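Under my numbering, residues 150 to 290 are what the sequence shown spells out, in order.
The C-beta atom is built at its ideal place from N, Cα and C for all residues, glycine as well.
From a predicted model like this one, the values you see are computed outputs, not experimental measurements.
First up is the structure itself, then whatever we jot down about it.
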Amino acid sequence: SLAKRVSDQTGVPYVLIDGTLKDSPAQLRQTGALLGVTERAETLALIAEQYLSDATLFASTQKTSPRFYLARGAKGLQTGARNSIHTEAIEALGFENVVDIPNFTGLTDVSPEQLLMWDPEIIITQDENAYQQIMQDSVWK
150 SLAKRVSDQT GVPYVLIDGT LKDSPAQLRQ TGALLGVTER AETLALIAEQ YLSDATLFAS
210 TQKTSPRFYL ARGAKGLQTG ARNSIHTEAI EALGFENVVD IPNFTGLTDV SPEQLLMWDP
270 EIIITQDENA YQQIMQDSVW K
């Protein structure tokens, strides 16, 4: 609905390409066909297939499934639930998301107490503010 609303407001057409990370090769091929760049899209799709294959191989060689928490937002207390688009790349490597909320796969806010109960082995973030919060805030220690 957001894409349609923006398209209606701007007059710029849109296309939504559906799928998950594992569907990336097909998504790239579909996008390439729409844009008339099938050769380039095929090159990228083959690279995506290789990355996905490498991830599957890596996951299959792990003796354990490390339990992780994805720290998002400035305070690190927003995260993606298991099987969400936000964590699927990490999960594809065989890591186990500690945030398992039945029938929910989106972003959610969590409390430090909940995080403590989940007790992840690994905390992953790409947010510099979250990293500083995790490293310096007494609540995180």
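Among the bridge pairs identified by DSSP, N246 is matched with F217. Of the residues assessed, R221 falls on the buried side of the cut-off, its CB having 16 or more other CB atoms within 10 angstroms.
Contact annotation: P269 and F217 have beta-carbon atoms nearer than 8 Å.
For D258, the uninterrupted beta strand (DSSP E) run begins and ends at 256-258, by DSSP.
Sixteen is the threshold: since fewer than 16 other Cβ atoms of the shown chains lie within 10 Å of the Cβ of S202, the residue is exposed.
DSSP places G229 inside the beta strand (DSSP E), whose first and last residues are 227-229. With contact defined as three or more Cβ pairs closer than 8 Å, the stretch 173-185 and the stretch 227-235 are not in contact. With fewer than 16 other CB atoms across the displayed protein chains lying within 10 angstroms of its CB, S260 is exposed. Bridge partners of I196 according to DSSP: none are assigned.
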